[in-house]
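S.K.: As they're listed, the protein sequences go chains G and S.
So the first sequence is numbered by the numbering used here: it starts at 78 and just counts up by one.
So the second sequence is numbered by the numbering used here: it starts at 6 and just counts up by one.
Glycine residues also receive a C-beta, built at the ideal position from the N, C-alpha and C atoms.
Predicted model only: the values in this text are computed from it and were never measured.
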Amino acid sequence: MAESAQLTLEQPRTTLPSITDADVPEGPRRGVRGYTPRQLFDLFGSMLGAVALATLLFGWFLPLDGPIGWFVVAFVSFLVLYALMVRTDADRQEVADRVVTVLIGSAGVILIGALVFIVVYTLTRGSEAMFHWNFLTQTMQYAGPLDPLSVGGIMHAIVGTLIQISIALVITVPLGIGTAVYLNEVGGRFARFVRTVSDAMTALPSIVAGLFVYAALIQAVTKERSGLAAAIAITVMMMPIVVRSADVVLRLVPQNLREASYALGSSRWSTVWHVVLPTARSGLVTAVILGTARGIGETSPVLLTSGITAALNTNPLSGPMISLPLQVFDFVRSPEPTMVARGFGAAAVLLALVLTLFLIARALGGKAPGELSDRQRRRALEASKRDLDRFTIRANRAAPLDEFEPPASLEKVTA
Amino acid sequence: MTLVLDEAGLALAAPDKARAINVLPGLTDRIFRTVAYAAGGITVAIMVAVGLFLSLRASTALRVAGFSFLTQRAWAPEHQIFGVGAVLFGTVTIALIALAISLPLSLGTALLLSEVVGGRLRGVLVTLVDLMAAVPSIVFGLWGVYFLQAEIIPVSQWIATSFSWIPVFAVTNADGSSATDASAFTSSAFIAGIVVGLMVVPTQTSIMREAFTRAPIGEREGAYALGATRWGMIRTVVLPFGTGGIIGGTMLGLGRALGETIAVYMIISPIFDINWQVLKTGSNSVSALIALRYGEASDFGLSALMAAGLVLFVLTLIVNFTASSIVARSRSGAESDG
């Protein structure tokens, strides 16, 4: 073996052009990102000029006032000044490039700033109520709108949210993932129909899902609003989302893994159970968690179905059962400042819940199907080592002792 | 393959035939197939039931109202006078204002994330934008009512006085004189549109960003090699390749804006008339109408609300299907050989 390898190396049949370091001309690498000091000077100089100009125009030269008008004037004059400064030593192409970069950057700053501000604003105003421990441990049963924040809380709404989302998950997860498995592993004409219908249902406005449950269940059958009705409304809304995202995740499972499993003679079921689902596990968990976050946060389906109560109700089958988003909505309908503060507190709790779910989903779902964590890889390595040992022992038992030779790959694995 | 020769020496067709693959699924497989089929069947049954139920109940009201359901502005089912003319107008107005706010922001941010920033910062910002897509709409509604409303009214006043020659921006009192009082500017379609716009921006941004990062690297480097600036490269490579993503993302955002309930319901003061002056108090939307009127509705009133819901559903369905077909087509066509 070793000799023939040597021979082929010495007598190559084709000559490949080889590039050595000496052939490549030296030159500075052209950067498309990053800034030179001159560019930074242009940027900050025109910013300063624009602020000065806007301040001068406002109040001194022109009869204008108001912070937003000031901002608009400052921004426009900043763009003009910046374009002029760049123009002093660059052509028009580059001026356009710089101005557009500034515009793109401002869009990003405005958007991300606004979104972060919305979250921070809610959390800050909510902290007033959240600083009272009773806010999380009491209900509003014995607290009126005029009571201070040290009385009453939203425990009933938290419990209601948890019960409703649990019922919704018990229905959605098996059915949603089962449907996604059906779409990908069984297929056929009916599967295409199922896919089209569930895609169409993602367009169903959530208030219409609530209206459906209100008319079909509450008006026609139970005659009262209940936690179960709210859970069903959430299910109708969540189901298409979970089916669609689980479908996308299962489609990402490499086809050759399935083929390898079938080639080993396994049935469809064992392929799905031992190959497809474990490979897609993290993606499926992410799909379910993101669906849960949507389901928890949506107000409109529960607005029509769950009913409003100030007391704790743990029975989903009878009586109204309020949930967090609806509780927020109910609190801020009152003009009392303490009730509004409670509304912000409940919104902050809801926001914290949703953000936690999102971060868990992000931590679990950052990986593509088949990509393993360190621990999983180590476990897989140990399993294959055990298998190898087993095979070696079996081979030893069959072969006479003096012919035994440990397989070469064993050392590689142990190393 | 063995050839069988006859006496004349001619080759006959080979006698081997393709072996019939006769797969008889085992018991577990048959159970698995049945269960999977049942899961798909139940899901579809639920969804079709929702659709059928809505259509059936809505048809009662639609039969009474006839075609005027789409144009009638008043909502009084008890007097048999009802229609979605005004609320549909309000829904579309709010959605279009939302689009006018969200399109430049999401386009700019998507370009920023795909072309300008890099490394760790990009990862952080992408996560942040995705996270914002999960923020509940009631939080946006609270922010709109308790913060934005007070801050935006001076801007509304400024637009109304400076651009009153554009009919949409003018704000007039009942007698036709222009209104300047702050109370004429509260609870308008403009404020609701801004809040809904911010709500849909994250969805739009992530779809556009995905489309932009798919622009082929070969063409990008080609543009740079020909001496293009970054903007030149974006204009000639990224934007043409990402057109489908821009249109599709925008329309998916539009679909969500049309169906948004709670934030709109909290901000607007409902009216049943077509209000062209977007900065002026008063607007309406189909979902806000349902939230407002379901409680007091009779059986027939409920059927009328279902008809309104059905119209909204059909509208978002058309928007969503157009969007997803545009996104899908752009994906398959945008790959290059590079």
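Give a yes or no on whether 9 Å exceeds the smallest Cβ distance from Leu327 (chain G) to chain S.
M.R.: For Leu327 (chain G), the answer is no, since every Cβ of chain S falls outside 9 Å of its Cβ.
S.K.: Please identify the residue among S:Ile171, S:Arg214, S:Trp163, S:Pro172 whose C-alpha is closest to the C-alpha of Phe190 (chain S).
M.R.: Minimum Cα distance to Phe190 (chain S) is reached at S:Trp163.
S.K.: Is Ala139 (chain S) helix, strand or coil when you go by DSSP?
M.R.: DSSP places Ala139 (chain S) in coil when its eight states are reduced to three.
S.K.: Would you mind listing the alpha helix (DSSP H) stretches within the region 287–328 of chain G that are 4+ residues and don't spill past its ends, in chain order?
M.R.: Those alpha helix (DSSP H) runs which fall completely within the region 287–328 of chain G and span 4+ residues are 304–328.
S.K.: Checking contacts by CB at 9 Å: is Arg68 (chain S) closer than that to chain G?
M.R.: No, Arg68 (chain S) lies away from the interface with chain G (no Cβ there is under 9 Å from its Cβ).
S.K.: Taking the alpha-carbon positions, what's the Lys22 (chain S) to Ser343 (chain G) distance?
M.R.: For Lys22 (chain S) and Ser343 (chain G), the distance between alpha carbons rounds to 26 Å.
S.K.: What does the Cβ neighbour count give for Asp407 (chain G), buried or exposed, with the cut at 16 atoms within 10 Å?
M.R.: Under this definition Asp407 (chain G) is a buried residue.
S.K.: Measure the alpha-carbon distance for Leu436 (chain G) versus Thr199 (chain G) and round it to whole angstroms.
M.R.: Taking the straight line from one Cα to the other gives about 19 Å.
S.K.: Say whether the region 116–136 of chain S touches the region 204–217 of chain S, bearing in mind that this needs 3 or more beta-carbon pairs closer than 8 Å, one atom from each stretch.
M.R.: Yes, they touch.
S.K.: When you compare the CB of Met316 (chain G) with every CB in chain S, is at least one pair closer than 9 Å?
M.R.: At least one chain S Cβ lies under 9 Å of Met316 (chain G).
S.K.: With H, G and I counted as helix, E and B as strand and the rest as coil, what does DSSP make of Ser183 (chain S)?
M.R.: Residue state, collapsed to three classes: strand.
S.K.: Would the beta-carbon of Leu75 (chain S) fall within 9 Å of that of Val89 (chain S)?
M.R.: In this structure, Val89 (chain S) lies closer than 9 Å to Leu75 (chain S) by Cβ.
S.K.: Quick one: what's Phe87 (chain S) bridged to in DSSP?
M.R.: In DSSP, Phe87 (chain S) forms a bridge with S:Trp80.
S.K.: Could you please tell me which residues of the region 409–425 of chain G, in chain order, have their CB closer than 8 Å to any CB of chain S?
M.R.: Correct list: Val409, Val417, Gly420, Phe421, Ala424.
S.K.: Spatial neighbours of Leu254 (chain G) within its chain, please: CB distance less than 7 Å, with the 5 preceding and 5 following residues excluded, ordered by chain position.
M.R.: Here residue 254 (chain G) is Ile; the residue named in the question, Leu, does not match the sequence. Ala323, Leu361.
S.K.: Which residues of the region 455–467 of chain G have a Cβ closer than 7 Å to any Cβ of chain S? Give them in chain order.
M.R.: Cβ contacts with chain S come from no residue of the region 455–467 of chain G.
S.K.: Measure from the alpha carbon of Pro317 (chain G) to the alpha carbon of each residue in G:Ala306, G:Ile470, G:Leu367, then state which is nearest.
M.R.: With distances taken between Cα atoms, Pro317 (chain G) lies closest to G:Leu367.
S.K.: To the nearest angstrom, report how far apart Gly124 (chain S) and Thr201 (chain G) are at their CA atoms.
M.R.: Their Cα atoms are separated by approximately 31 Å.
S.K.: With a cut-off of 9 Å, does the C-beta of Asp34 (chain S) fall near any C-beta of chain G?
M.R.: By this cut-off, Asp34 (chain S) is an interface position.
S.K.: Can you tell me whether Pro260 (chain S) is buried or exposed, with buried defined as 16 or more other CB within 10 angstroms of its CB?
M.R.: Note on identity: in this sequence residue 260 (chain S) is Gly, with Pro being the wrong assignment. With 16 or more other Cβ atoms within 10 Å, it is buried.
S.K.: If you draw a straight line from the alpha carbon of Arg454 (chain G) to that of Val352 (chain G), how long is it in whole angstroms?
M.R.: Looking at the two C-alpha atoms, the distance is approximately 16 Å.
S.K.: Is it buried or exposed, Ser73 (chain S), if we count other Cβ atoms within 10 angstroms and call 16 or more buried?
M.R.: Ser73 (chain S) is exposed by the Cβ-count criterion.
S.K.: Which residue comes first and which comes last in the alpha helix (DSSP H) that contains Arg261 (chain S)?
M.R.: Where Arg261 (chain S) is concerned, the enclosing alpha helix (DSSP H) stretches over 244–264.
S.K.: Going along chain G, which residues have a C-beta under 8 Å from Phe168 (chain S)?
M.R.: By Cβ distance, chain G contributes nothing, its closest Cβ being about 13 Å from Phe168 (chain S), past 8 Å.
S.K.: Answer yes or no: does any C-beta atom of chain A fall closer than 9 Å to that of Trp236 (chain S)?
M.R.: No chain A is present in this structure, whose protein chains are G and S.
S.K.: Under the DSSP definition of a beta bridge, which residues are partnered with Ser193 (chain S)?
M.R.: DSSP, once it has assigned bridges, lists S:Thr286 as partnering Ser193 (chain S).
S.K.: Would you mind working out which of G:Arg335, G:Leu427, G:Phe155 sits nearest Val128 (chain G), comparing C-alpha positions?
M.R.: It is G:Phe155 whose Cα lies nearest to the Cα of Val128 (chain G).
S.K.: Have a look at S:Arg68, S:Arg219, S:Ala44 and flag the residue whose alpha-carbon is nearest the alpha-carbon of Leu250 (chain S).
M.R.: In the sequence under discussion, the amino acid at residue 250 (chain S) is Gly, which differs from the Leu named in the question. Comparing Cα positions, the closest option is S:Arg219.
S.K.: Taking the alpha-carbon positions, what's the Leu263 (chain S) to Leu93 (chain S) distance?
M.R.: Spanning the two alpha carbons is a distance of roughly 10 Å.
S.K.: Spell out whether any CB of chain S is found under 9 Å from the CB atom of Ala364 (chain G).
M.R.: No, Ala364 (chain G) does not count as interfacial toward chain S.
S.K.: In chain order, what residues of the region 162–183 of chain G put their CB closer than 9 Å to some CB of chain S?
M.R.: Under the 9 Å Cβ criterion, the region 162–183 of chain G contributes Gln170, Glu171, Ala173, Asp174, Arg175, Val176, Val177, Thr178, Leu180, Ile181, Gly182, Ser183.
S.K.: Can you list, in chain order, the residues of its chain whose CB lies under 6 Å from that of Gly146 (chain S), leaving out five sequence neighbours each side?
M.R.: Within the same chain, Gly146 (chain S) has close Cβ partners Ile267, Ala268, Met271.
S.K.: Strictly under 9 Å for the Cβ-Cβ distance: is Trp163 (chain S) near chain G by that measure?
M.R.: So, interface residue.
S.K.: Can you tell me the Cα-Cα spacing of Gly227 (chain S) and Thr469 (chain G), whole angstroms?
M.R.: Approximately 56 Å, taken between the alpha carbons.
S.K.: By DSSP, does Pro397 (chain G) sit in helix, in strand, or in coil?
M.R.: If DSSP states are grouped into helix, strand and coil, Pro397 (chain G) belongs with coil.
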